[in-house]
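Using this note's numbering, read the sequence shown as starting at 28 and increasing by one per residue.
Quick reminder that beta carbons are idealized off the backbone N, C-alpha and C, glycines included.
Please read all numbers here as calculations on a predicted model, not as lab measurements.
Take a look at the structure below.
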Amino acid sequence: MQTLWQDLKYGVRMLWKKPGFTAIAVLTLALGIGANTAIFSVVNAVLFRPLPFREPGSLVWIANIGTSGMSGATTRVANYSDWRGMNQSFEDLAAYFAFFDYGSYTLTGSGEPERLSGVGVSQNFLDTLGVQPRLGRGFDDEESKWNGRKATILSHNFWQRRFGSDPAVVGRTVTLNNEPTIIVGVMPSSFDFASVFSPGSKVDMLVPFPITPETDKWGNTLAVIGRLKPGVTVGQAQAEFDLLNQQLQQAHPERGPGFGARMTELQERVKGPFRRALLVLFGAVGCVLLHAVRKSPCASRSVPTDYG
């Protein structure tokens, strides 16, 4: 204990005698600690924190591996409908329109006009993920039809920014792309669509995507997510879909010569692409802090070590 007290006194004395060195040391350590804290917050949010869904380990990303059509990741409405209706592995399958663009909607009739980004989702999208709206409800049957009643669910951030967190916004009619649209719900703060499914973009609202013959004509447009039944593994579901897709190709040759399904745990699909880059960045920033700590006592080598 006496040695520790002497070390502390010596350290304070050296810092007092060399204010320039002290300022540099404190600044270096502060920058290193601050950078590590910021990077760890990002790493924790992206890699370690579970997805904001009920039992996220049961959610699976189902990518189309076919060579025909528009995309090797998305699938067409008809395949999605058959997958959903014929499989035995999943409690349910949900989908969203993968080719949304920022500014695809214009909001008028409620303050200044504003260009917004909206994503079309299947009627069961929130239920499959296990997400409850903070306010209001999900989309109903009428709103999910082709040319059905127009409706939207606002993102939490957009609700706060545009409507000042007003709970009375549910049931209000606004104008989107010159069409009256009812606000039926507000998303919880825990689930921001863009941060999970499209990092780097901004999604202001969800809108219904009709699962109909009309939208099937658009080609491979849907990203598909499934919730496994209890006790079913990804491998078992994959094996079932391999057989199911062979049957569908024989029954529907008009859909193209090759389509299938590749299954990945949703958490891995969302977080996997960022894991290596973030860990490398975290390690680099950690080295900066380590270097700062190591450099701080260097000045003591040129001064006497008498504690007296």
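Bridge partner(s) assigned by DSSP for residue i
i	result
Glu241	BP columns for Glu241 are empty, so no partner.
Thr291	Trp88
Ala178	Ile209
Met232	Gly145, Leu181
Gly163	Gly212
Thr102	Leu249
Thr202	Thr135, Pro207
Arg254	Leu86, Asp119
Cβ distance (whole Å) where residue i is taken to contact residue j below 8 Å
i	j	result
Thr101	Ala288	With 8 Å as the limit, Thr101 and Ala288 do not qualify as a contact, their Cβ atoms being about 12 Å apart.
Asn106	Phe286	6 Å
Val87	Gly253	5 Å
Gly212	Gly165	7 Å
Test: residue i CB closer than 8 Å to a CB of chain D
i	result
Lys172	Of the chains in the structure shown, none is chain D; there is only one protein chain.
C-beta atoms of residue i and residue j nearer than 8 Å
i	j	result
Thr248	Asn204	no
Leu233	Ser116	no
Gln294	Gly84	yes
Ser144	Val230	yes
Thr155	Ala125	no
Asp109	Leu275	yes
Gln159	Pro194	no
Val201	Gly163	no
Ser217	Pro79	yes
Val104	Asp243	yes
Lys177	Ile209	yes
Glu241	Val261	no
Ile89	Met290	yes
Examine the Cβ distances between the region 141-159 and the region 232-241 and report whether three or more of them are shorter than 8 Å. yes
Whole runs of the beta strand (DSSP E) within the region 104-146, excluding any shorter than 3 residues: 117-124, 132-135, 141-143
Should the region 264-280 be called in touch with the region 172-189, which here means at least 3 C-beta pairs below 8 Å? no
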